[in-house]
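Note that our numbering has the sequence shown beginning at 54, numbered continuously upward.
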Amino acid sequence: MPLDVICVGVVTVDTITTIDRLPAADGRVVGEPFTVAGGGPAATAAVALARLGARVGFCGVVGADDAGRLSRKLLEDEGVDTTWLRARPGVRTPQSMIMVSRASGTRAIVTSPSTAPDPPPRGVARWLHADQTGYAAARVALGGGTSLSVDGGNPIPGLDLAGVELYAPTAGSLCAAFPAPDLAASLRAAAAGAGQVVATLGGDGCDVLVAGELTHVPPVPVEPVSTMGAGDVFHGALLAGLVEGRPLVEAARRANLVAALSCRALDGRSGIPRAAEVEQWLSTARPAPRSD
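Dropping the structure here:
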């Protein structure tokens with residue numbers, strides 16, 4: 054039986070800390086606490102999919118180093134199939150240094166370069182989900198009834214929305230790629246190529262275009278510890294909803310909730326809820342707690 058989704062792209066090892074302010078040039082600030090965790094757009098989306106019950110794999114490249122072995126273990130511990138995660142000689146596993154604002158939960162990121170993976174085999178998953186590093190490989194792997202989802206949060210050279218079923222950029226990325234008088238016009242321009250389009254608005258929720266009609270899906274209020282990885286979690290949760298057969302607007306509402314709940318933790322993964330917690334939250338509509 055094919056997997057529901059293979060996520061194609063970047064996996065990182067992140068070192069994260071919380072600070073009161075960014076340091077000035079040649080300055081020094083104290084961070085507390087320090088956390089080491091798994092990250093990467095496609096990899097974090099894969100973890101979100103797995104926690105929500107999808108059968109998911111990951112396709113990417115790491116080095117034959119300690120960080121690469123940790124990246125693999127963290128994915129496997131979540132139930133993600135790592136058959137297509139390759140340890141490539143001469144490559145260093147991508148790592149990131151992340152400083153999170155104690156006051157707002159927003160962050161500043163320094164990351165190392167990533168290596169594009171080889172395409173996964175065709176027909177082994179119903180969906181492929183690609184970030185900027187995995188896009189080219191995912192396009193090659195299309196076929197056999199597989200649909201393509203693209204995380205448009207980062208620039209993708211040569212992006213062609215023909216054949217893309219789900220395109221989910223940030224509003225800023227969307228307007229840069231499809232300049233128009235307003236966001237709605239940019240969404241409609243993108244929808245001329247992609248099958249379904251969702252623009253993420255950070256703390257303001259998202260806008261969804263269905264059959265030419267624009268629907269704003271409001272955010273779920275949460276007091277964030279960190280917004281690290283929330284967009285990646287949103288993409289995974291959005292796709293999980295479509296895998297379950299939900300309409301796009303409903304999938305976006307649930308994805309907003311899952312992404313908001315993920316902000317309870319300092320890193321991008323440990324706060325991601327499982328399906329049972331999502332259902333419990335929806336049934337009680339309680340405020341999203343934080344876990345310091």
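Idealized CB from N, CA, C, for every residue including glycine.
Cβ pair residue i, residue j closer than 8 Å
i: V115; j: R125; result: yes
i: V311; j: A329; result: no
i: D213; j: P94; result: no
i: T146; j: D118; result: yes
i: V217; j: A101; result: no
i: A169; j: A191; result: no
i: G176; j: G197; result: yes
i: L123; j: F111; result: no
i: D204; j: A96; result: no
Beta-carbon proximity list for residue i, same chain, < 6 Å, skipping 5 on both sides
i: Q249; result: L219, L301
i: L262; result: L240, A244, V250
i: F231; result: S239, A242, A243
i: T223; result: G206, T253
i: A78; result: none
i: L295; result: A304
DSSP bridge partner residues for residue i (one or two, in chain order)
i: G205; result: P222
i: V163; result: M150
i: L267; result: L262
i: V66; result: G91, Q148
i: A252; result: D260
i: D134; result: G110
i: S200; result: W180
Simplified DSSP assignment, three categories, for residue i
i: A420; result: The structure shown does not extend to residue 420, since the chain is modelled only from 54 to 345, so the question has no answer here.
i: S124; result: helix
i: R108; result: coil
i: A140; result: strand
i: A101; result: helix
i: G91; result: strand
i: D79; result: coil
i: A96; result: helix
i: A230; result: helix
Opening and closing residue of the alpha helix (DSSP H) in which residue i lies
i: G294; result: 283 to 296
i: V331; result: 328 to 337
i: L240; result: 236 to 244
Continuous beta strand (DSSP E) stretch holding residue i: start and end
i: S315; result: Note, S315: premise wrong, no beta strand (DSSP E); alpha helix (DSSP H) at 301 to 315.
i: R192; result: It is not in any beta strand (DSSP E) - R192 instead sits in the alpha helix (DSSP H) that spans 188 to 194.
i: D260; result: 259 to 263
i: D57; result: 56 to 61
Closer than 8 Å to chain D by CB, residue i
i: G80; result: Checking the listed chains, one finds no chain D in this structure; it contains a single protein chain.
Beta-carbon proximity list for residue i, same chain, < 8 Å, skipping 5 on both sides
i: Q148; result: T65, V66, D67, T68, A120, T164, S165
i: D260; result: A224, L236, A237, L240, V251, A252, L254, L267, T268, H269, V270
Beta-carbon proximity list for residue i, same chain, < 7 Å, skipping 5 on both sides
i: C228; result: L236, S239
i: G324; result: L314, S315, C316, R317, A318, S344
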